[in-house]
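Below is one structure, written out as structure tokens, with a few remarks after it.
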Amino acid sequence: MIKNISNLGDAALYCDFGKDVNKETNTKVIRYFKSIQKKHIKGINNLTPSYNKLIVSFDLKTTNFQNLKKEIENLDLINSETINNKKIEIPVCCDENFSLDIKRLEEKLKITREKIYENFFDKEFFCYMTGFIAGMPFLGDIDKNLRAKRLETPRVKVPKGSVGLTEQFANIYTFESPGGWNIIGNTPINIFDSSKEKNPNLINPGDLIIFKEINKDQFLNHNE
Amino acid sequence: MSKDYFEIIRAGINTTFQDLGRKNLYHIGIPFSGVMDNRNFLIANKLVENKFNSPVIEFAYQGPHLKYFGNKINISITGDVNFVLKKKKEVIDGICYKSFSLENGDELDIRSTNKSVYGYLAISGELDIKYQWSSCSTNTKANIGANDGKKLNLNQKINISKINENLNHKSLKYINTKIQNIRILKGTNFDYFSEKGKDIFLNKEFTVSKLSDRMGMRLEGPKIKNIVDTNIKSEGLIKGVIQVPADGNPIIMLSDHGTIGGYPKIGVVISADYDRLVQLTPGSKVKFKEVNLSSAETLYKLYDLETQNLISQVQ
Numbered sequence: 025m026i027k028n029i030s031n032l033g034d035a036a037l038y039c040d041f042g043k044d045v046n047k048e049t050n051t052k053v054i055r056y057f058k059s060i061q062k063k064h065i066k067g068i069n070n071l072t073p074s075y076n077k078l079i080v081s082f083d084l085k086t087t088n089f090q091n092l093k094k095e096i097e098n099l100d101l102i103n104s105e106t107i108n109n110k111k112i113e114i115p116v117c118c119d120e121n122f123s124l125d126i127k128r129l130e131e132k133l134k135i136t137r138e139k140i141y142e143n144f145f146d147k148e149f150f151c152y153m154t155g156f157i158a159g160m161p162f163l164g165d166i167d168k169n170l171r172a173k174r175l176e177t178p179r180v181k182v183p184k185g186s187v188g189l190t191e192q193f194a195n196i197y198t199f200e201s202p203g204g205w206n207i208i209g210n211t212p213i214n215i216f217d218s219s220k221e222k223n224p225n226l227i228n229p230g231d232l233i234i235f236k237e238i239n240k241d242q243f244l245n246h247n248e
Numbered sequence: 290m291s292k293d294y295f296e297i298i299r300a301g302i303n304t305t306f307q308d309l310g311r312k313n314l315y316h317i318g319i320p321f322s323g324v325m326d327n328r329n330f331l332i333a334n335k336l337v338e339n340k341f342n343s344p345v346i347e348f349a350y351q352g353p354h355l356k357y358f359g360n361k362i363n364i365s366i367t368g369d370v371n372f373v374l375k376k377k378k379e380v381i382d383g384i385c386y387k388s389f390s391l392e393n394g395d396e397l398d399i400r401s402t403n404k405s406v407y408g409y410l411a412i413s414g415e416l417d418i419k420y421q422w423s424s425c426s427t428n429t430k431a432n433i434g435a436n437d438g439k440k441l442n443l444n445q446k447i448n449i450s451k452i453n454e455n456l457n458h459k460s461l462k463y464i465n466t467k468i469q470n471i472r473i474l475k476g477t478n479f480d481y482f483s484e485k486g487k488d489i490f491l492n493k494e495f496t497v498s499k500l501s502d503r504m505g506m507r508l509e510g511p512k513i514k515n516i517v518d519t520n521i522k523s524e525g526l527i528k529g530v531i532q533v534p535a536d537g538n539p540i541i542m543l544s545d546h547g548t549i550g551g552y553p554k555i556g557v558v559i560s561a562d563y564d565r566l567v568q569l570t571p572g573s574k575v576k577f578k579e580v581n582l583s584s585a586e587t588l589y590k591l592y593d594l595e596t597q598n599l600i601s602q603v604q
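Chains A and B, in that order, are what the protein sequence lines are. Be aware that the first sequence starts at 25, since it is given in this note's numbering, and climbs by one per residue. Be aware that the second sequence starts at 290, since it is given in this note's numbering, and climbs by one per residue.
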């Protein structure tokens, strides 16, 4: 299922699953990711699944590219059915204090904000990967009419909880960070909690996410 | 409260607790972190007879000025560092790669690193700090690790929970080596760049920019032209990856890097050169030099062996 394995530097494998970015390809990536994770192969330091790639980085003191490549090529894959996907609802408030780029999006996409929200809420999205900053989920695919490029000049500070759109994806800023996505709202839910060492991420690759619109009162009264 | 502690008179520019970092968390977006210069970290701990992965205090450019209260303790400083010890009756010029004793009321003033970025302070004992995912390493971007994930500040204390029983004096004859050629392997998007761009990357001189920190090192020089696409589908990153965004200036990923990135990867710094790469100060001139995978593997083995030899020479 891996199209090609090459080296990324001297201490990582670069597993390419093909050009396409879709749920099918990503499901293969996640299946490999979980299979390798389960096997606890000696020397592996980190696994980074993304849309259509899996990077396996390792300790060059313990193993090397050739050995690990063989091991990954001959890996017994776990059944796809055993991959446990959660369904999670994320409340989002689109009050004007939170929807920082809604005007810009209306202009870019040439549709009204009502239409934007109508096409975004109550739809099921798939989590392709998490990362960049801790716990940030990359979700997709959003409606074709909502696809816009990044901001030309990224924000220095995107507020925590911001929900952003770029191209076919949505994401959530798990804490304040620089960023260039088009922000349409904010969630009161804590997506990343570093005090929960076992499972700090609320959303993990393979999970299904539905955004639900809430008003400002519901946002302010939200208790976790 | 701990009876042995340091008071912070000056925190320094970027002073953090670090160890060897945390593994197996890239998939949730948490980088490795850990000390930037592995070799100097290991030697610092050995000089005060700590376990090899004991937390140390990493500082950049200007270090902290500390005042010690408590029972006698040993410290060591590694890197290329200008520091003094202020005792009751004298001021002693510090020497790197040598342990010193501190007694109640003594001060340690780590003035600056010389022509290098990072230095390490190891303390003979255990620090009273928080661990997250089996590591104390402070990641100031995600606020993870010791000191609530923040750099050290004025008006706080460094508490010591246990002092080592043996306080022998140790030293090592060693001078840090510097590099001008950074050895690399071609990256997965090497062919995204024009022939001229590739030639610039492999043969021309670059200057380390001021915009460099624990996350990444930016370089300036002749622009490397992309002829395919200035973005790739976001994918994983590792330490040492050299990305080239649309502006044509390379950025090298360092220990606190974001785990995912969408810029083409022109190259990756070999593991053997990482410790010396991070010590390049802004303004340094560097060139990239291509090697193949098997040389990179051999060079790392040699580098690691040399580090182990240095550690065994501490006495």
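Think of the CB as a built atom: it goes at the ideal place given N, C-alpha and C, for glycine as much as any other residue. These figures come from a predicted structure and were not determined experimentally.
- Item | Cα-Cα separation, A35/A to E97/A | 17 angstroms
- Query: By how many angstroms is the C-alpha of S201/A removed from the C-alpha of K181/A?
  - Reply: 5 angstroms
- Query: Does the beta carbon of T477/B sit closer than 8 angstroms to a beta carbon anywhere in chain A?
  - Reply: yes
- Query: In whole angstroms, what separates the C-alpha of N303/B from that of K576/B?
  - Reply: 27 angstroms
- Of all Cβ atoms in chain A, is any one closer than 8 angstroms to the Cβ of Q260/B? Because chain B in this structure spans residues 290 to 604, residue 260/B falls outside the shown range and cannot be described.
- Locate the alpha helix (DSSP H) running through Q469/B, then write down its first and last residues. Note, Q469/B: premise wrong, no alpha helix (DSSP H); not H, not E.
- Query: Any C-beta of chain A sitting closer than 8 angstroms to the C-beta of S601/B?
  - Reply: no
- Item | Residue range of the beta strand (DSSP E) that includes S388/B | 388–391
- Item | N465/B burial status per 10 Å Cβ neighbour count (16 or more: buried) | buried
- Item | Per-residue contacts from Y407/B into chain A (C-beta, under 9 angstroms) | Correct list: empty, because the minimum Cβ distance to chain A is about 21 angstroms.
- Item | Residue from H354/B, T427/B, V533/B, L599/B with nearest C-alpha to P344/B | T427/B
- Query: Using CA coordinates, which residue listed in I60/A, L175/A, F150/A, N228/A is at the minimum distance from L101/A?
  - Reply: I60/A
- Item | Near-chain B residues of the stretch 35–56 of chain A - C-beta to any C-beta below 7 angstroms | A35, A36, Y38, V45
- Query: Between K522/B and Y75/A, is the Cβ-Cβ spacing less than 8 angstroms?
  - Reply: yes
- Going by DSSP, what residues sit across from K78/A in a beta bridge? Correcting the residue identity first, residue 78/A is Leu in this sequence and not Lys. Looking at the DSSP assignment, L78/A forms a beta bridge with C39/A, P73/A.
- Looking only at DSSP bridge pairs, what is H354/B linked to? R299/B, D398/B
- Hey, would you say F295/B sits closer than 8 angstroms to K446/B, going by beta carbons? yes
- Considering only C-alpha positions, which residue in the set L133/A, G164/A, G185/A, I157/A is nearest to A172/A? L133/A
- Close Cβ partners of A349/B (< 6 angstroms) along its chain, the five nearest in sequence each way excluded: I302, N303, V406, Y407
- Out of R565/B, S584/B, Q604/B, which has the shortest C-alpha to C-alpha gap to M325/B? R565/B
- Item | Cβ distance (whole Å) where I433/B is taken to contact I364/B below 8 angstroms | That belief does not hold up - the Cβ atoms of I433/B and I364/B are roughly 26 angstroms apart, past 8 angstroms.
- Task: Measure from the C-beta of Y589/B to each C-beta in chain A and report whether the shortest distance is under 8 angstroms.
- Result: yes
- Query: Considering only the beta carbon of each residue, do I114/A and T198/A sit closer than 8 angstroms?
  - Reply: no
- Which class does T276/B belong to by DSSP, given the choice of helix, strand or coil? Nothing in the structure corresponds to residue 276/B, since chain B is present only between 290 and 604.
- Item | Per-residue burial, N598/B [other beta carbons within 10 Å of its own, 16 or more giving buried] | exposed
- Item | P571/B beta carbon less than 8 angstroms from that of S498/B | yes
- Item | Under 7 angstroms from the C-beta of E200/A: neighbouring residues of chain B | Ordered by position in chain B, no residue passes the 7 angstroms Cβ test against E200/A, which lies about 10 angstroms from the chain.
- Task: Using a threshold of 8 angstroms, state whether the C-beta atoms of I399/B and L416/B are closer than that.
- Result: no
- Task: Give the range of the alpha helix (DSSP H) segment to which Q192/A is assigned.
- Result: Where Q192/A is concerned, there is no enclosing alpha helix (DSSP H), given that its DSSP letter is neither H nor E.
- Query: Do you know offhand how far K467/B's Cα is from N108/A's?
  - Reply: 50 angstroms
- Between K522/B and chain A, is there a C-beta pair that is closer than 8 angstroms? yes
- Task: Run through the stretch 431–503 of chain B for me and flag every whole beta strand (DSSP E) of 3 or more residues, listed as ranges in chain order.
- Result: 446–452, 470–475, 495–497
- Message: At the 8 angstroms Cβ level, is L474/B part of the contact set with chain A, yes or no?
- Response: yes
- Would you mind giving the Cβ-Cβ distance between F122/A and G204/A, rounded to the nearest angstrom? I have them listed as a contact below 8 angstroms. F122/A to G204/A, Cβ: 17 angstroms. No contact.
- Message: Once the 5 residues before and after G510/B are set aside, which same chain residues still bring their CB inside 7 angstroms of it?
- Response: K493, E494, F495, T496
- So, is the C-beta of M5/A closer than 8 angstroms to a C-beta in chain B? This structure leaves residue 5/A out entirely; chain A is present only between 25 and 248.
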